Structures are given as C-alpha cells and as structure tokens.
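J.: Plus 4 on top of the position in the sequence shown (first one is 1) and you've got this note's numbering.
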Amino acid sequence: MKTLGLIFPDQLSKKNPIFDSTKRDIQVLFFEPLDIYFDQNHHKQKLAFLFSSLRHFIKELNLKNADHVPITKGQKNGMTDLLSDYIRLNNYEVLEVVHPSDHKTLTQLTLLTSKLGIALKVHDDPKFISSAYEFKNWAEGKKSLVQEFFYRWLRKKHNILIEDEKPVGGEWNFDSKNRVSINKLKEDPPERERIKPDALSVDVMVDVENVFGNNFGDLENFNWSVTREDAEKKANEFFNSLINNFGPFQDAMDVGNPTLFHSLLSPYINVGLLDPMKIIVAAEKKYYEGAPLNSVEGFIRQILGWREFIRGIYWLKMPDYKSLNFFENTRKLPELFWTGETRMQCVAKAVESTKELGYSHHIHRLMVTGNFALLSEIDPRYVCEWYLGVYLDAHEWVELPNTLGMALFADGGIVGTKPYAASGAYINRMSNYCKTCHYNVKETTSNDACPFNYLYWNFLNNQRKKLENNPRMKLVYRNLNKKDDEFIRAVNLNSEDFFTRIKKGSD
Ligand SMILES: Cc1cc2nc3c(=O)[nH]c(=O)nc-3n(C[C@H](O)[C@H](O)[C@H](O)COP(=O)(O)OP(=O)(O)OC[C@H]3O[C@@H](n4cnc5c(N)ncnc54)[C@H](O)[C@@H]3O)c2cc1C
Ligand code: SF4
C-alpha cells in the first residue's frame, strides 16, 4: 500500500513509529502549516522554537524519502487543502501519523482521509508514558479522578522511587516541604548558560517574522534549545545545579528572577526532544546520589503525575470540555494581559517574563495570572486562548485542562476539587512583589487596596450558590459569613470600579 507518513513540529521523538515505517520505504512528509498555528496569536518565540526544532530534526535524520512543507504566508486554514493535493497527486492509499496532540487536527485528518477514501493509521504518541487508552481504563467507574492516585498507580507500575514495594521515604508526596517563601532564599540561583541561535534558527526567525510578524512577543531574547543535544544539555544543567533547591522554592516568586530553580524543560518534553521517562529516571538517580527527596519526588510528580493526568483528562473529556464555563463568565480579557501595563506588580512581572521568554513558572500561571482571571470572572474561552498562545510549551492537550480546569475551575471540579482562588496574602507570602507594589496588600476596602483582596471576596460572594456547598469551601464561606453588609458593599464597589479601570486600560 502506498503510504505517506506525516510528522508535525511537536512529534520529534526519536521513538516516533513513522521512522520505523521508513524501513518499509514509505514517504515521510514533515509538515509545518497546521491550522492551529494560524488560528490565533501565538508567541513568535513559540513558533520559531517549533519550526526550528522540526527543521533541525530533518537535518539530523537526513532521510532519503522525505519532503518538507514549510510555513509560508497566506496558509490560514490550509492544512486540509495542502495535504489533500499532496495525497491526490502522489496517489497515496494510507496516511500514517502519530496521534495529533489536539482534537481539531485529529478531526481534520479523520475527515480528510474519509473524503479521499484512504486509510488513516494513528499511532500512540511516544512522548507520553501512559496512553490515552490506559488512562480511560484507569478512570473507568471512578466517581472522581484524583491526580495523586493516578500518580501513585504509575509510580508503582514503573517502579519509580519505590523500595520493597513501598514509596521511598515512607510517603508518596513531600509537598508540605515545598512551599518555602522567596524571603527565605539565601543565595541567588546559578546563572543558566545562554544558547546562541545558529544559521538555521535565524532563517526560521526570518520566516516567522514574514508570516507572523504581528504576533505577540519578539525574537530578540530567543534563548531556547532546538536540538536534542542542546535540550539534553539543559536537562543536565538542571540536574547538576538547580534540582536541590527546586523542591523548597517550587512555589516561590521573585521580582528579579522569573525562573528561579525551575527546569524550563516543558517545551522540549512536549515536542519529543526529551523523553519524559528518561528525565524521570535521571531525577531518580540524583536522589540516590544525594539530592533531597522532596525536590526529586516533587519534580517527578510533575511529570509522571500531573503531565500524564492532564493529558488523560484532555482526551477523556474532549470535545465538550473546551466549552465548559461553570461560572458562566462573560467578561473579555483585559488588554493588560498582552501589554503588562498595570500597577499590580505581580501581574506586570508575570506578563513581562511571558512576553520576554515565552515562559513563566507554574505559580505565576496558577496563582497570579490564572487567579487574577478567575477572580475577574473572565470568559474561559479568552483566558484559554491567551495561555495557548503565549507559552512556548503550550499545546491544547496540556494548556486546556490546566487553564480551564485547574486555574479557572470552569469544569466545575474535574481537574481540581475546589477553585485555586486566593487573596493578595498568598502572593505576599510566597513572593517579594508586594514590597514594591503600588497597591497595599494589607488593605481590602481602601483606595489603595490590593485588587486581589477585594476581588477575592467579591468572587466568593458572587459565586456563593455554586461554591458554598463544596466541602472544601466550607471554612472560606464561614469567614465570608462573618463579614458585614458594609464590607460586602465596599468590595463590590471596589471590584466594579476596578473592572471599569482595566477595561479602559487605566489601572
Ligand atoms: C494556567 C496554567 C496553564 C498551563 N499551561 C501549560 C502548557 O500550556 N504547557 C505545559 O507544558 N504546562 C502548562 N502548565 C503547567 C506548568 O505550569 C508548566 O508545565 C511549567 O510551568 C513548565 O515549566 P518548567 O518546565 O520549568 O516546569 P517545572 O516546574 O520544572 O516542572 C517540571 C515538569 O513537570 C511538568 N509539569 C509540571 N506541572 C505540570 C502540569 N500542571 N501539567 C503538565 N505538566 C506539568 C512539565 O513537563 C515540566 O517541565 C500550565 C499551568 C497552569 C496553571
Ligand atoms: S499588593 Fe496585590 S497587586 Fe500588588 S503585588 Fe501584592 S498581590 Fe499583587
């Protein structure tokens, strides 16, 4: 059967079964212009990273039977037409592909092959440890899906940090040791080595400027690996000089350092340049060489637990998941998400690093921008579009359950058991932002009060019907019930005034 094997920019794993297929003498097509890259505003660095990694991979493989469709101007909504022409012209009878990482592309390929009357063969994605099928089986019959239990199940299955069939250190999870404030940090994190873009990357940047010139971000600060070898160097840098402090300062935020001790490995794992199991095994090895267990277990849990769980939820719940809006929010995304122009220091800094690096760490995403979007009652569609666009590691399978589910609770409790809503006190505890902020984190009703404070109480009051019976919200509502009418009126007035200000772009 005459077969075409497709490779997309986030399918660069060496274990990609299409390359085994090359032994069967099939034609390989490296394909860049997916509709999803044209559908919305993606950070220029993200696009440059994806296309440059793909083109370096093509060079590395140096296949005989391979073709490449690069991005060019005016390809919006063109994937189906381009592929259709290519398949017809060459009379392919089978299209083979690794499971696309988003629902839209999978649907497009299914429809295309059915229209052309050819077979579609979809392989499991080797950049995950567990398959969507395995997750479905695990989830079957469970009333609620809890990440921690899936994580323990995978740890046992793959024998990670297990001794004598028990978790190393006697506990499954050491998160209680991983909440140290930035104010306890004694020495600055070590400098990370810069990566100089090579000629091929520079060519890609020119293409990105040509095709996506008006997109968010700029390419000047591009500092990402685009080859397997360089991505591995970044992993070694993390294991050699950052992992020991990763655990304790995992939730901390620093006004001058947006990356602290985080690994910055998600972009590479999510396109297949790094293999998640190899990274986990390397982390486990560090534990046996003396790295603290809370750091190692915390890091492994993010990849083996959260990453696999989130991906399972996406395929289990799509396509309906994308339109969930538990709080029925309708507000638009304020412009400050794109400009970073706001007097709220924490938000300004989170957007600044997002713009500069295409990166911010988990707590910025969850407790600063995510928490702010939740408390500001913004329509989840707009928030998800922003998160999908601005981060280098963002692909719908991982962005959507994290944003819609974890940060916004718009799925009503599928990913999390309660909203991650928090006042300014949380940000003040974990960061040094508030010390130099225009707003006063200790105030809630005064003119200079921290917006997170009044928005928090306003949100709880507005969402009482939907949240007060949630067992994990009982204490919070008991506190709200102690507040008098004057307080409720003041937080409501402050919030409405704030919403008007940010709509005008005058915060
Ligand atoms: C609102 C929101 C949106 C997010 N969007 C994305 C996204 O588009 N793409 C993405 O990869 N992650 C996303 N995350 C998860 C997490 O924030 C990033 O994986 C992490 O910040 C990447 O930085 P790092 O590599 O330095 O991670 P580290 O803190 O060093 O963590 C190690 C690794 O664990 C994995 N990981 C950690 N948390 C998660 C998680 N919740 N879900 C999946 N994997 C996780 C990543 O592979 C990461 O590289 C999102 C989180 C939130 C709250
Ligand atoms: S005072 Fe409020 S707005 Fe300012 S940095 Fe602190 S939490 Fe953010």
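For glycine and all other residues, C-beta sits at the position ideal for the given N, C-alpha and C.
Every value quoted in this text rests on a predicted model; they were computed, and no experiment measured them.
Which residue spans inside the region 150-178 form an unbroken alpha helix (DSSP H) run of at least 4?
T.: 151-162
J.: When DSSP builds the beta bridges, which residues end up paired with G9?
T.: V32 and E100
J.: Quick one: using the 10 Å Cβ neighbour count with 16 as the cut-off for buried, is Y155 buried or exposed?
T.: buried
J.: With distance defined between alpha-carbon atoms, name the residue in A354, G362 and R92 nearest to G374.
T.: A354
J.: Measuring CB atoms only, is the region 10-17 touching the region 26-36, in the sense that at least three cross pairs come out at less than 8 Å?
T.: yes
J.: Whose C-beta lies closer than 6 Å to the C-beta of N329 among residues of the same chain, with five residues either side of it excluded?
T.: P384 and A414
J.: Who are the near neighbours of E389 in its chain, counting only those whose CB is closer than 7 Å to its CB and skipping five residues on each side?
T.: Cβ neighbours of E389 beyond the five flanking positions: Q44.
J.: Examine ligand 2 and report whether any of its heavy atoms sits within less than 7 Å of the Cβ of V495.
T.: No, since every heavy atom of ligand 2 falls outside the 7 Å radius drawn around the Cβ of V495.
J.: Look at the alpha carbon of M434 and the alpha carbon of T114, and state the distance between them as a whole number of angstroms.
T.: 47 Å
J.: Identify whether E477 lies in helix, strand or coil by the three-state DSSP scheme.
T.: Glu is not the amino acid found at residue 477; the sequence shown has Met there. Residue state, collapsed to three classes: helix.
J.: May I ask you to check if the CB of Q349 is nearer than 7 Å to at least one heavy atom of ligand 2?
T.: yes
J.: So, for S499: in the same chain, excluding its five sequence neighbours on each side, which residues have a beta-carbon less than 7 Å away from its beta-carbon?
T.: Y458, L459 and N462
J.: Would you say the beta carbon of N432 is closer than 7 Å to some non-hydrogen atom of ligand 2?
T.: yes
J.: In the DSSP output, what is R335 paired with across the bridge?
T.: I382
J.: How many whole angstroms separate the CB atoms of V98 and K125, which I take to be in contact at a CB cut-off of 8 Å?
T.: 6 Å
J.: Judging by CA-CA distance, which residue of N218, P201 and E144 is the nearest neighbour of I317?
T.: That would be E144, whose Cα lies nearest to the Cα of I317.
J.: Mapping the DSSP letters down to three states, classify D129 as helix, strand or coil.
T.: coil
J.: With a threshold of 7 Å (Cβ to nearest heavy atom), would C441 be considered close to ligand 2?
T.: Yes, the Cβ of C441 comes within 7 Å of a heavy atom of ligand 2.
J.: Within the present structure, is the beta-carbon of N262 separated from the nearest heavy atom of ligand 2 by less than 7 Å?
T.: Correcting the residue type first, residue 262 is Pro in the shown sequence and not Asn. No, ligand 2 has no heavy atom inside 7 Å of this Cβ.
J.: Grouping DSSP H, G and I as helix and E and B as strand, with all else coil, what is M348?
T.: coil
J.: In the structure shown, what three-state DSSP assignment does D207 receive?
T.: Shown here, D207 sits in a helix according to DSSP, grouped into three states.
J.: Could you have a look at V372 and say whether DSSP puts it in helix, strand or coil?
T.: helix
J.: Quick one: Cα of F242 to Cα of L484, how far?
T.: Roughly 43 Å separates the two Cα atoms.
J.: Would you kindly report the start and end of the unbroken alpha helix (DSSP H) that includes H60?
T.: K48 to L65
J.: Looking only at its chain, what residues have a beta carbon closer than 7 Å to the beta carbon of M297, apart from the 5 residues adjacent to it on each side?
T.: The amino acid at residue 297 is misidentified as Met; the sequence shows Leu. Result list for L297: V172, G173, F178 and Y291, in chain order.
J.: Going by beta-carbon coordinates alone, are L337 and V387 separated by less than 8 Å?
T.: yes
J.: Tell me, please, which residues DSSP counts as bridged to V73.
T.: F35
J.: Thinking C-alpha only, which one of N474, V480 and N432 is nearest R183?
T.: N432
J.: Return the first residue and the last residue of the alpha helix (DSSP H) that N465 is part of.
T.: P455 to N466
J.: Since N597 and C454 should fall inside the 8 Å C-beta cutoff, what is the C-beta to C-beta distance between them, to a whole number of angstroms?
T.: The question about residue 597 has no answer here: the residues shown for the chain are numbered 5 through 511.
J.: Thinking just about the alpha-carbon of each residue, which of V208, K48, Y481 and F456 is nearest to the one in Q349?
T.: F456
J.: Using the Cα positions of Q151 and W310, report the straight-line distance between them to the nearest angstrom.
T.: 7 Å
J.: Strictly closer than 6 Å from CB to any heavy atom of ligand 1: give me those residues in the order they appear in the chain.
T.: H266, S267, L268, L269, S270, I273, N274, F303, Q306, I307, W310, R311, I314, H365, H366, R369, L370, G374, Y391, Y395, D397, A398, V402, E403, N406, T407, M410 and A411
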